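When we follow the working numbering, the leftmost residue of the sequence shown carries the number 16, and every step to the right adds one.
Where is the CB? At the ideal position from N, CA and C, for every residue including glycine.
The model shown is predicted, which means the values in this text are computed figures rather than measured ones.
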Amino acid sequence: MVTGEVCESGEFKGWSTWPDEPFEFETAGPFYFRVDEQGPVAAFRAERKHMNKGGVVHGGCLMAFADFSLFAIAHEQLEGEYGVTVAFTSEFLSGPAEGAYIEARGEVLRSGRNLTFVRGLITGDGKACLNFSGTIMRRPLKST
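Right, here's the structure in full:
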């Protein structure tokens with residue numbers, strides 16, 4: 016999970032994703048991440064399947080993406096290890112429309128031996144949608 020797999024076509028060509036995470040890749044997403052000149056970034060394009068009846072991205076989808084983004088933002092600190100979310104908070108700021116480019120950026124606040132603390136902001140076409148913070152607990156990767 017930690018290293019990701021590079022997308023080879025489409026809008027997110029060259030970005031990484033975690034296809035072995037079925038909920039984030041197949042059901043809620045797919046979501047993508049990379050590191051650019053500003054640091055770690057996660058993104059996806061809002062599709063019909065992400066919408067609620069009100070015509071904006073469903074809050075549960077934004078929260079699932081924020082959880083994905085915790086790991087995208089902290090992926091360098093977690094290299095070679097697996098992690099689980101043990102705490103998560105968020106506040107909704109606005110609802111992005113179908114077709115919006117959804118992006119998350121943030122920072123690792125602290126990374127210790129067992130816990131990594133992350134905070135970030137999700138935007139839809141540049142407008143703030145959701146702020147979030149979370150704590151990741153490291154787990155060793157299991158060999159299969």
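**Q.** Exposure of Asp82, with buried meaning 16 or more beta-carbon neighbours within 10 Å
**A.** Along the sequence shown, one-based indexing puts residue 82 at 67. Buried, because 16 or more other Cβ atoms sit within 10 Å of the Cβ of Asp82.
Q.
Using a 10 Å radius around the Cβ and a threshold of 16 neighbouring Cβ atoms, would you call Glu122 buried or exposed?
A. Looking up residue 122 in the sequence shown gives position 107. Exposed: under 16 other Cβ atoms inside 10 Å.
Q: Consult DSSP for Ala119 and reduce its assignment to one of helix, strand or coil.
A: By one-based count along the sequence shown, residue 119 stands at place 104. Correct three-state label for Ala119: strand.
(Q) I'd like to know whether the C-beta atoms of Ala87 and Gly98 end up nearer to each other than 9 Å. (A) Walking along the sequence shown from the start, residue 87 turns up at place 72. Walking along the sequence shown from the start, residue 98 turns up at place 83. Cβ atoms of Ala87 and Gly98: not closer than 9 Å.
**Q.** Sub-9 Å separation of Phe132 and Thr104 beta-carbons
**A.** For the purposes of this step, residue 132 is identified with residue 117 of the sequence shown, where counting begins at 1. For the purposes of this step, residue 104 is identified with residue 89 of the sequence shown, where counting begins at 1. No, the pair does not count as a contact, with Cβ atoms beyond the cut-off.
Q. So who's on the other strand from Ser126, going by DSSP bridges?
A. Counting from one through the sequence shown, the residue named residue 126 turns up at place 111. DSSP, once it has assigned bridges, lists Thr131 as partnering Ser126.
Q: Work out the CA separation of Gly25 and Gly70 for me, nearest whole Å.
A: Taking the sequence shown and counting its residues from 1, the one referred to as residue 70 is at position 55. Taking the sequence shown and counting its residues from 1, the one referred to as residue 25 is at position 10. Computed Cα separation, rounded: 25 Å.
(Q) Going by beta-carbon coordinates alone, are Ser4 and Ala143 separated by less than 9 Å? (A) For residue 4 there is no data in the structure shown, the boundaries of the chain being 16 and 159.
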